[in-house]
Amino acid sequence: MVNGSFSMSRILFISAQAPTNQYPQAGQRIAFTHLTEYAIASEVVDVVVIANKGEVDAAKDLVAKFGSNLYTYPLNQFNKITNCLTHYQVPVKFASRLINTVERSIQKLIMTNIYDTIHFECSHAAIYFEAIEKYINPTQTKTVISLRDVWTQVFLRQSVSNFFYGIEVARTFHYERQLYSRVGELWVSSTKDRDLLTSLFSIPTARITIKPHQASCFVYRVQRCLEKIEKKSLLFWGAIGRPENEQAILTFVEQCFKKLVQHDGDFKLYIVGSNPSQKVLALACKQIIVTGFVEDPTEFFEKAEIGIVPLSKGGGIKLKTLEMLEAGLPVIATAVGAEGIVDRRKKLVVSDNFEEWFDLIRIMIR
Numbered sequence: 001m002v003n004g005s006f007s008m009s010r011i012l013f014i015s016a017q018a019p020t021n022q023y024p025q026a027g028q029r030i031a032f033t034h035l036t037e038y039a040i041a042s043e044v045v046d047v048v049v050i051a052n053k054g055e056v057d058a059a060k061d062l063v064a065k066f067g068s069n070l071y072t073y074p075l076n077q078f079n080k081i082t083n084c085l086t087h088y089q090v091p092v093k094f095a096s097r098l099i100n101t102v103e104r105s106i107q108k109l110i111m112t113n114i115y116d117t118i119h120f121e122c123s124h125a126a127i128y129f130e131a132i133e134k135y136i137n138p139t140q141t142k143t144v145i146s147l148r149d150v151w152t153q154v155f156l157r158q159s160v161s162n163f164f165y166g167i168e169v170a171r172t173f174h175y176e177r178q179l180y181s182r183v184g185e186l187w188v189s190s191t192k193d194r195d196l197l198t199s200l201f202s203i204p205t206a207r208i209t210i211k212p213h214q215a216s217c218f219v220y221r222v223q224r225c226l227e228k229i230e231k232k233s234l235l236f237w238g239a240i241g242r243p244e245n246e247q248a249i250l251t252f253v254e255q256c257f258k259k260l261v262q263h264d265g266d267f268k269l270y271i272v273g274s275n276p277s278q279k280v281l282a283l284a285c286k287q288i289i290v291t292g293f294v295e296d297p298t299e300f301f302e303k304a305e306i307g308i309v310p311l312s313k314g315g316g317i318k319l320k321t322l323e324m325l326e327a328g329l330p331v332i333a334t335a336v337g338a339e340g341i342v343d344r345r346k347k348l349v350v351s352d353n354f355e356e357w358f359d360l361i362r363i364m365i366r
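Residue numbers for the sequence shown, in UniProt numbering: 1 to 366.
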């Protein structure tokens with residue numbers, strides 16, 4: 001009983017990505033899955049979204065489902081830069097989502113309602129944890145962060161080629177360590193990420209829950225057969241507009257695919273995904289097909305002979321790799337692209353050397 005009435009199960013879901021099925025990127029779909037699980041199990045879910053404007057605008061399903069329980073705060077590049085400058089003492093990845101008005105709104109929700117769980121979707125959504133921690137009774141309210149990336153690891157990798165990240169990695173390490181040690185539960189997608197948290201930040205394994213990412217629904221409709229497969233065809237699948245994906249494509253084409261085409265003009269590369277940049281669009285030719293956003297990519301998963309994941313940046317499990325493997329494609333990936341993947345079907349080949357990729361791809365198509 002609360003104030004003489006029966007209490008209802010109530011969740012506060014704070015997300016740094018718009019949890020929607022209507023935006024063509026994996027992260028938003030993962031957030032949507034987590035939010036849907038809460039909505040099914042709870043009477044009331046209050047949803048706070050601090051995300052890029054394009055995501056928020058696309059998330060019509062959120063408005064329809066949560067109505068007055070939805071609080072959205074769209075961001076553009078100018079907002080993010082302003083937030084980072086205003087909160088210069090906070091690591092940039094976290095400061096980009098820190099807005100004073102949002103902080104006050106979340107504090108008001110906490111003081112008005114009793115929540116069974118406060119869930120932060122993506123670690124940088126948990127920038128608001130410090131502001132509300134004093135209002136939370138840990139015996140009454142569970143706190144959860146669902147991690148996609150350990151930013152210390154991401155920045156450490158990027159520091160090799162960028163001096164800024166070399167400075168930022170130290171700040172990020174100290175911030176993540178203190179944040180993750182104070183929240184009740186951490187969700188990760190693999191044992192690799194669990195082990196990373198325990199080794200880097202000394203987080204007890206008992207406080208870490210492994211929740212593997214689920215492939216998109218279309219993956220389970222893919223029916224591959226010899227008659228459908230286009231010989232010597234390669235598939236890159238993902239949100240092409242993301243910098244790490246763009247760099248991966250440009251590097252692969254320059255260091256491997258051009259050589260493949262010189263060796264055999266029948267090779268073909270399908271680049272399938274949303275928001276390709278002008279640099280990627282400029283690659284289009286007889287052997288390189290750049291589709292842009294595709295509502296249903298099933299046909300490309302059925303006809304491509306090999307999937308490729310030539311990433312050199314990023315952290316955490318790559319849903320693109322999981323989806324191609326789940327659909328039955330043999331996949332060649334870098335160590336970053338294959339990170340945390342359990343290859344039960346023995347279809348994943350891993351190499352960071354594009355000279356080796358040239359030979360491996362030719363072997364895989366035989």
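Glycine included, each C-beta is placed from N, C-alpha and C at the ideal position. The model shown is predicted, which means the values in this text are computed figures rather than measured ones.
Item, Value
"Give the C-beta separation of I363 and P330 to the nearest angstrom, bearing in mind that I take them to be a contact with Cβ-Cβ under 8 angstroms.", "I363 to P330, Cβ: 11 angstroms. No contact."
"Which residues in the same chain have their Cβ closer than 6 angstroms to the Cβ of P24, if we skip the five residues on either side of it in sequence?", "S274 and F293"
"Look at the alpha carbon of V242 and the alpha carbon of G337, and state the distance between them as a whole number of angstroms.", "Here residue 242 is Arg; the residue named in the question, Val, does not match the sequence. Straight-line Cα distance between these residues: approximately 14 angstroms."
"Exposed or buried, which one is A282 when buried takes at least 16 other CB atoms within 10 Å?", "exposed"
"I'd like to confirm the pairing. Which residues does DSSP put opposite S181 in its beta bridges?", "Beta-bridge pairing links S181 to no other residue."
"Using the C-alpha atoms, what's the distance from R366 back to L186?", "44 angstroms"
"Can you look up residue 367 in the DSSP assignment and give me helix, strand or coil?", "Outside the shown range of the chain, which is 1 to 366, sits residue 367, and nothing can be said about it."
"Quickly, what does DSSP pair H119 with across the bridge? List them, please.", "F13 and V144"
"Secondary structure at V261, three-state DSSP: helix, strand or coil?", "helix"
"With DSSP collapsed to three states, give me the class of Y73.", "strand"
"Between F66 and Q287, what straight-line distance do the alpha-carbon atoms span, to the nearest angstrom?", "46 angstroms"
"From the DSSP output, in three-state form, read off D61 for me.", "helix"
"How should A304 be labelled, buried or exposed, when 16 other C-beta atoms within 10 angstroms of its C-beta is the threshold for buried?", "buried"
"Considering just the uninterrupted stretch of the beta strand (DSSP E) at Y38, what are its terminal residues?", "Looking at the DSSP string, Y38 is not in any beta strand (DSSP E); the run it does join, the alpha helix (DSSP H), is A26 to A41."
"With DSSP collapsed to three states, give me the class of V160.", "coil"
"Sort out for me which residues DSSP pairs Y270 with in a bridge.", "L235 and I289"
"Helix or strand or just coil, what does DSSP make of D149?", "coil"
"Is it buried or exposed for T72, if we count other Cβ within 10 angstroms and need 16 for buried?", "buried"
"Measure the alpha-carbon distance for D149 versus K313 and round it to whole angstroms.", "11 angstroms"
"Use the C-beta contact count for K318: other C-beta atoms within 10 angstroms, 16 or more gives buried, fewer gives exposed.", "buried"
"Rounded to the nearest angstrom, what separates R345 and T321 at their Cα positions?", "13 angstroms"
"Note down, in chain order, each residue of its chain lying with its Cβ closer than 8 angstroms to the Cβ of I249, except the 5 sequence neighbours on either side.", "F236, I240, I271, V280, L283 and P310"
"From this set, L75, A95, A58 and P91, which residue's C-alpha is nearest N83's C-alpha?", "A95"
"Please classify E355 as buried or exposed, where buried requires at least 16 neighbouring CB atoms within 10 angstroms.", "exposed"
"Looking at E121 and F13, is the spacing between their C-beta atoms short of 8 angstroms?", "yes"
"CB-CB under 8 angstroms to V63, same chain, minus the five flanking residues each way: which ones, in chain order?", "L70"
"Per DSSP, which residues does L186 bridge with? Please list them.", "I145 and I208"
"Ordered along the chain, which non-local residues of its own chain (more than five positions away) have a Cβ less than 6 angstroms from that of F173?", "T152"
"What's the call for V160, buried or exposed, on a 16-neighbour Cβ count within 10 Å?", "exposed"
"Do three or more CB pairs link the stretch 32-45 to the stretch 73-92 at distances below 8 angstroms?", "no"
"Taking the CB atoms as reference points, tell me whether Y135 and I114 lie closer together than 8 angstroms.", "no"
"Consult DSSP for N113 and reduce its assignment to one of helix, strand or coil.", "coil"
"What's the call for C285, buried or exposed, on a 16-neighbour Cβ count within 10 Å?", "exposed"
"Determine the extent of the alpha helix (DSSP H) in which D296 is found, giving its start and end residues.", "Premise fails: D296 is in no alpha helix (DSSP H) and is neither H nor E."
"Count the other CB atoms within 10 Å of the CB of K268; is the residue buried (16 or more) or exposed (fewer)?", "buried"
"Determine which residues share a DSSP beta bridge with V102 and list them.", "Paired residue(s): none; V102 is not in a bridge."
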